[in-house]
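In this note's numbering, each residue's number is its place in the sequence shown (first place is 1) plus 236.
Where is the CB? At the ideal position from N, CA and C, for every residue including glycine.
Since we're looking at a predicted model, the values are computed, not measured.
Working notes, beginning with the structure itself.
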Amino acid sequence: MTQSSHHRPRPRTPFRSRGVRSAAALFTAVCALLAASGCGSGKDDEAGGRQQPQQGAHSQGAARGVPQGLPGMPPLLDPNDLYAADRPNALSPVVKDFPSRVYVPNTESDTVSVIDPQTYKVIETIPVGSQPQHVVPSWDLKTLWVNNDRGHTLTPIDPATGKAGKTVDVHDPYNLYFTPDGKYAVVMASMDRELVFRDAHTMKRVKTEHVNCLGVNHADFSPDGRYFIVSCEFSGELLKVDTAQMKVIGQQKLPFDGAMPQDVKIASDGRTWYVADMIADGVWVLDGDKFGEPWLMPTGKGAHGLYVSRDSKSMYISNRGEGSISVLDLPSRKLVKKWELPDGGSPDMGGVSADGKVLWLSGRYNSEVYAIDTEDGHQIARIKVGDGPHGLAVYPQPGRYSLGHTGIFR
């Protein structure tokens with residue numbers, strides 16, 4: 237989520253001068269492999285028939301004593317490493333023949349720029365709906381959904397051909413996630429103040445959970461899939477949601493005046509949660525099971541996006557307010573590096589290449605995309621795209637299924 241979301245003007249003043257009170261006022265003023273999540277053309281009505289996805293073929297996790305997960309969820313490959321399925325170039329058979337591309341939603345241009353990562357050039361520009369915020373891989377990996385937030389639609393892109401399909405009516409789709417069993421899409425309806433559970437195949441509405449916070453935007457799921465944690469940008473809060481019940485079961489205010497939580501990511505150990513905060517200029521560290529008060533780890537101005545390395549040992553943190561990337565060593569919970577973009581910039585959302593060698597991030601306020609070497613942090617390329625580039629998706633990536641956002645794979 238960004239400060240420019242929902243028709244807010246491009247910032248001209250330092251991030252810290254923008255408290256949650258002004259953001260909330262402005263908000264109010266503007267007001268796994270076999271289940272198919274496909275490109276159905278459902279409308280915004282109550283749900284009909286849903287298809288239960290088949291469980292993934294891997295069962296090593298169950299044999300190693302992993303706690304029983306959400307029914308229908310593929311078991312973890314390794315109980316000690318949540319991202320064990322995301323090793324370099326470990327592509328699912330579903331995606332192994334897809335061309336490697338970087339899909340960049342340009343919020344202010346209403347387009348998606350398509351970058352060839354081999355040449356670092358834009359090879360196509362796809363018109364989509366109003367204010368595309370994120371490009372989200374479906375649970376079954378077969379579809380990329382462009383979240384046209386103010387257009388109230390999703391545009392499906394076939395990653396095998398790069399062609400856009402018929403739009404689907406979905407109200408206020410700021411961000412999009414999928415439950416670990418593949419049954420439901422979870423729409424982060426930020427302006428509507430709702431979590432909307434929809435059939436993952438038809439996108440028909442199943443249940444609406446109204447929330448008592450402002451600006452639901454990012455999330456991640458527990459190792460067993462039974463709950464997920466959501467950030468509320470405009471009121472500085474976190475929610476804990478029961479996946480099966482589709483119900484908020486916990487809520488807390490972050491202990492920082494004007495907090496603005498952004499991306500949420502669970503560590504590879506399956507216990508430690510991190511929440512980026514672009515006003516607190518760091519990441520909150522949280523025990524998700526206990527959901528107690530978190531502590532703040534300073535990283536840099538405008539901390540925003542969180543991405544795990546292919547060896548599960550590091551987390552890349554984009555500091556949008558200062559044009560840098562902090563590198564967190566996950567086993568020790570210590571910051572070990574900071575990479576500065578040579579000409580500044582506004583690194584926002586993105587993902588890691590399939591081989592793990594390149595971190596791709598959108599430059600939210602600079603109409604550009606950054607390719608960053610993950611070995612030493614040097615900038616490989618800076619690519620001009622449309623205006624307001626936001627939640628770009630690097631695709632394909634390793635993993636058996638997608639939990640949504642710009643690509644959370646397990």
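Those residues which DSSP pairs with residue i across a bridge
i, result
"Q488", "L474"
"M533", "V519"
"E344", "Partner(s): none; E344 has no beta bridge."
"P634", "Per DSSP, none; premise fails for P634."
"L390", "N383, V404"
"N555", "A539, S560"
"D192", "Since the first and last residues shown for the chain are 237 and 646, residue 192 lies out of range."
"R337", "Y631"
"F527", "DSSP lists no partner for F527."
"G640", "Y413"
"L544", "Before going on, a small fix: residue 544 reads as Val here, not Leu. According to DSSP, which records beta bridges pairwise, V544 is partnered with M551."
"T508", "D523"
"V372", "W381"
"K483", "D478"
"P625", "N342"
Buried versus exposed, by CB contacts within 10 Å (16 or more), residue i
i, result
"T355", "exposed"
"I485", "exposed"
"D417", "buried"
"H614", "exposed"
"K440", "buried"
"W531", "exposed"
"I359", "exposed"
"A320", "buried"
"K526", "exposed"
"T479", "buried"
"G292", "Residue placement at G292 cannot be trusted, given a pLDDT of 36 that sits under 50; what the coordinates show is reported in the next sentence. G292 comes out buried."
"E611", "exposed"
"S562", "buried"
"V266", "For V266, the predicted model reports a pLDDT of 38, less than 50, meaning its position is unreliable and no value from the coordinates is stated."
"G297", "In this prediction, G297 scores a pLDDT of 37, lower than 50, which makes its location untrustworthy; no coordinate-derived value is stated."
"G592", "buried"
"T397", "exposed"
"P534", "exposed"
"G284", "Here G284 scores only 32 on pLDDT, less than 50, and its place in the model should not be relied on; the value that follows carries that caveat. Its Cβ having fewer than 16 others within 10 Å, G284 is exposed."
"G580", "exposed"
Check whether residue i and residue j have beta carbons under 9 Å apart
i, j, result
"S638", "P409", "no"
"L577", "Y606", "yes"
"V331", "P395", "yes"
"L490", "V511", "yes"
"G622", "T361", "yes"
"P363", "D346", "yes"
"I608", "V630", "no"
"R462", "G305", "yes"
"G524", "R507", "yes"
"G538", "S471", "no"
"P634", "T343", "no"
"V406", "P392", "no"
"A436", "Y420", "yes"
"G536", "S568", "no"
"S504", "L318", "yes"
"E465", "L450", "Looking at the sequence shown, residue 465 is not Glu but Ile. Not in contact: I465 and L450 (Cβ atoms no closer than 9 Å)."
"E469", "S426", "yes"
"L431", "T444", "yes"
"Y339", "L313", "no"
"P315", "P459", "yes"
"V423", "M482", "no"
"K549", "L522", "no"
"L628", "L597", "yes"
heavy atom of the ligand ZN below 8 Å from residue i C-beta
i, result
"Q488", "This structure does not include the ligand ZN; it has no bound ligands of any sort."
Inset, instruction - Taking only runs that begin and end inside the segment 558–619, name each unbroken beta strand (DSSP E) of 3 or more residues, in chain order. - result: Taking 3 residues as the shortest admissible run, the segment 558–619 contains the following complete beta strand (DSSP E) segments, listed from N- to C-terminal end: 560–565, 570–576, 583–588, 594–599, 604–609.
Inset, instruction - Specify whether the segment 532–544 and the segment 580–589 touch according to this definition: at least 3 beta carbon pairs, one from each stretch, less than 8 Å apart. - result: Here the segment 532–544 makes contact with the segment 580–589; the two share three or more CB pairs at distances below 8 Å.
Inset, instruction - Mind listing, in chain order, the continuous beta strand (DSSP E) runs of no fewer than 3 residues lying wholly within the segment 394–475? - result: If we require 3 residues or more, the beta strand (DSSP E) runs fully inside the segment 394–475 come out as 411–414, 420–425, 430–435, 441–446, 452–457, 463–468.
Inset, instruction - Say whether the segment 454–466 touches the segment 495–503, bearing in mind that this needs 3 or more beta-carbon pairs closer than 8 Å, one atom from each stretch. - result: Flag = yes, the segment 454–466 and the segment 495–503 touch.
Inset, instruction - Determine contact between the segment 404–422 and the segment 365–385, defined as no fewer than three beta-carbon pairs at a distance below 8 Å. - result: With a cut-off of 8 Å, the segment 365–385 and the segment 404–422 count as touching, because enough Cβ pairs lie within range.
Inset, instruction - Could you name each continuous beta strand (DSSP E) segment of 3 residues or more that falls completely within the segment 344–369, going from the start of the chain to the end? - result: The segment 344–369 contains these whole beta strand (DSSP E) runs: 347–352, 357–363.
Legend entry - Contact the segment 505–520 vs the segment 552–565: 3+ CB pairs below 8 Å: With a cut-off of 8 Å, the segment 552–565 and the segment 505–520 count as touching, because enough Cβ pairs lie within range.
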